[in-house]
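Numbering (my numbering), first residue to last: 6 to 419.
Take a look at the structure:
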């Protein structure tokens, strides 16, 4: 009587090479280098984009409460290069961290301030490039199906006709996750009644001086007259003052009747009308906020951002016998209004890696089940808080010290 063949060695298929998928890949790479450096990597990573430049320059993100996890997950060689991703290395060297300020757009007063804390502000695109280092990413791979009929295995089929088989599959494919559609009975996102336009603009060092005097990294502001909202962030601050600073400018408004006196809700304008519309929304704001938008050159590309979220169900999703799960936006898409999406994605990776390598007895739930038991309650609160923050941001009277837009991290200014 022959004994059954040994099970295949663990191999994880990572679907998605955004920030969260790349952090997971680097964490597995770090673990692999420590445990069995001569063996093949125990993971593969697949991305639907055709190449690394496809997404464009991107915008910025702040890593704050998840920073300790982030630093623990990365190989030392990448951690040493993290300053390459900072939007303003000089400000970091000065010990500046930013204050998460919120201003009143009618009188310019400072309404709320977040106490300084350990956090880093990075260029999303530069961070993504750094996290790609040392990884063999398979590009132009859009997932089409998942097959778990073979015991102990999962096979991903891609739209180009190729397949990949591993022992686990992790969907890190963003807020409109295809993997999620295979696992969750209600995978569609919730669309919020808010419209948002954003652009990045090069402004001179002199033009940016009064802006940087408010905060060296970013700030937000609300309009009590219209319920519109404003976000500003520096994306790149070269050391040479002769070089332009790249600025991120976002303007959003409530999608409801009566905005700016319009009978019907105002939807996202056509691309050629977006700069004009941003200036129309902001024309009654005080300086320097009005001028930041007024100085956007005509013809600048303005992108529309869909404000959507997805709350994972209390009971979770079908993990296909403990072989498939979700992380990051795929697991809990949330709006940007608390700046927590990337942090929760990092927390997901830390939790998942911890469970994948935990020593347990045979009676314990599997690693994906244990991960979901930690992630889902945390993520549900985060998504709903971010939803409330988004809605409060566009209903000025709701902005107070208990609003998730500013709560738990705030000093109230009388």
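Just so you know, even glycine gets a beta-carbon here, dropped at the ideal spot from N, CA and C. Predicted model only: the values in this text are computed from it and were never measured.
Put residue i into one of helix, strand or coil per three-state DSSP.
{"i": "residue 374", "result": "helix"}
{"i": "residue 400", "result": "coil"}
{"i": "residue 301", "result": "coil"}
{"i": "residue 239", "result": "strand"}
{"i": "residue 230", "result": "coil"}
{"i": "residue 160", "result": "strand"}
{"i": "residue 43", "result": "coil"}
{"i": "residue 149", "result": "strand"}
{"i": "residue 289", "result": "coil"}
{"i": "residue 337", "result": "helix"}
{"i": "residue 195", "result": "strand"}
{"i": "residue 357", "result": "helix"}
{"i": "residue 350", "result": "helix"}
{"i": "residue 136", "result": "helix"}
{"i": "residue 294", "result": "helix"}
{"i": "residue 395", "result": "helix"}
{"i": "residue 35", "result": "helix"}
{"i": "residue 189", "result": "coil"}
{"i": "residue 362", "result": "coil"}
{"i": "residue 405", "result": "coil"}
{"i": "residue 108", "result": "strand"}
{"i": "residue 17", "result": "strand"}
{"i": "residue 369", "result": "coil"}
Find the nearest neighbour of residue i within the set the options, judged by alpha-carbon distance.
{"i": "residue 171", "options": "51, 93, 345, 32", "result": "51"}
{"i": "residue 188", "options": "150, 197, 158, 224", "result": "150"}
{"i": "residue 174", "options": "165, 185, 166, 167", "result": "185"}
{"i": "residue 227", "options": "332, 115, 75", "result": "115"}
{"i": "residue 251", "options": "210, 59, 181", "result": "210"}
{"i": "residue 242", "options": "366, 126, 23, 76", "result": "126"}
{"i": "residue 290", "options": "234, 266, 345, 264", "result": "234"}
{"i": "residue 71", "options": "155, 352, 328, 397", "result": "352"}
{"i": "residue 445", "options": "326, 238, 249, 335", "result": "This structure leaves residue 445 out entirely; the chain is present only between 6 and 419."}
{"i": "residue 35", "options": "371, 362, 157", "result": "362"}
{"i": "residue 129", "options": "100, 88, 166", "result": "88"}
{"i": "residue 231", "options": "398, 13, 58, 60", "result": "398"}
{"i": "residue 383", "options": "43, 321, 224", "result": "321"}
{"i": "residue 164", "options": "42, 41, 153, 147", "result": "147"}
{"i": "residue 113", "options": "59, 69, 309, 225", "result": "225"}
Determine whether the Cβ of residue i lies closer than 7 angstroms to any Cβ atom of chain B.
{"i": "residue 179", "result": "This model lacks chain B altogether; it includes just one protein chain."}
Would a C-beta distance cut-off of 7 angstroms place residue i and residue j closer than the cut-off?
{"i": "residue 66", "j": "residue 247", "result": "no"}
{"i": "residue 105", "j": "residue 119", "result": "yes"}
{"i": "residue 340", "j": "residue 314", "result": "yes"}
{"i": "residue 85", "j": "residue 244", "result": "no"}
{"i": "residue 262", "j": "residue 274", "result": "no"}
{"i": "residue 343", "j": "residue 408", "result": "no"}
{"i": "residue 47", "j": "residue 15", "result": "yes"}
{"i": "residue 401", "j": "residue 229", "result": "yes"}
{"i": "residue 279", "j": "residue 287", "result": "no"}
{"i": "residue 168", "j": "residue 155", "result": "no"}
{"i": "residue 55", "j": "residue 145", "result": "yes"}
{"i": "residue 338", "j": "residue 194", "result": "yes"}
{"i": "residue 307", "j": "residue 284", "result": "no"}
{"i": "residue 25", "j": "residue 332", "result": "yes"}
{"i": "residue 319", "j": "residue 388", "result": "no"}
{"i": "residue 153", "j": "residue 325", "result": "yes"}
{"i": "residue 249", "j": "residue 207", "result": "yes"}
{"i": "residue 30", "j": "residue 140", "result": "yes"}
{"i": "residue 334", "j": "residue 180", "result": "yes"}
For residue i, which residues of its own chain have a beta-carbon under 7 angstroms away from its beta-carbon, when the five flanking residues on both sides are left out?
{"i": "residue 76", "result": "84"}
{"i": "residue 356", "result": "376, 379, 380"}
{"i": "residue 312", "result": "197, 199, 201, 340, 395"}
{"i": "residue 367", "result": "none"}
{"i": "residue 220", "result": "103, 104, 106"}
{"i": "residue 327", "result": "371, 373, 374"}
Which whole-angstrom value describes the C-beta separation of residue i and residue j, a residue pair presumed to lie in contact below a C-beta threshold of 8 angstroms?
{"i": "residue 260", "j": "residue 330", "result": "Contact doesn't hold; Cβ gap of about 34 angstroms is too wide."}
{"i": "residue 102", "j": "residue 132", "result": "Not really, about 17 angstroms apart at Cβ, beyond 8 angstroms."}
{"i": "residue 177", "j": "residue 19", "result": "6 angstroms"}
{"i": "residue 365", "j": "residue 204", "result": "Not quite, the Cβ-Cβ distance comes to about 50 angstroms (not below 8 angstroms), so this is no contact."}
{"i": "residue 254", "j": "residue 216", "result": "With 8 angstroms as the limit, residue 254 and residue 216 do not qualify as a contact, their Cβ atoms being about 10 angstroms apart."}
{"i": "residue 57", "j": "residue 134", "result": "7 angstroms"}
Kindly list the residues whose CB is nearer than 8 angstroms to the CB of residue i, restricted to its own chain and excluding five residues on each side of it in sequence; keep chain order.
{"i": "residue 28", "result": "75, 78, 79, 136, 350, 351, 354"}
{"i": "residue 272", "result": "200, 260"}
{"i": "residue 13", "result": "157, 158, 172"}
{"i": "residue 100", "result": "none"}
Is any non-hydrogen atom of the ligand ZN found closer than 6 angstroms to the C-beta of residue i, if you look at the structure I gave you?
{"i": "residue 26", "result": "Only the bare structure without any ligand can be found here, which leaves the ligand ZN out of the picture."}
Report all residues from its chain with a CB closer than 6 angstroms to the CB of residue i; omit the five preceding and five following residues, and keep chain order.
{"i": "residue 5", "result": "Outside the modelled stretch of the chain, which goes from 6 to 419, sits residue 5, for which no answer is possible."}
{"i": "residue 22", "result": "50, 52, 142"}
{"i": "residue 162", "result": "149, 150, 168"}
{"i": "residue 360", "result": "372, 375, 376"}
{"i": "residue 213", "result": "250"}
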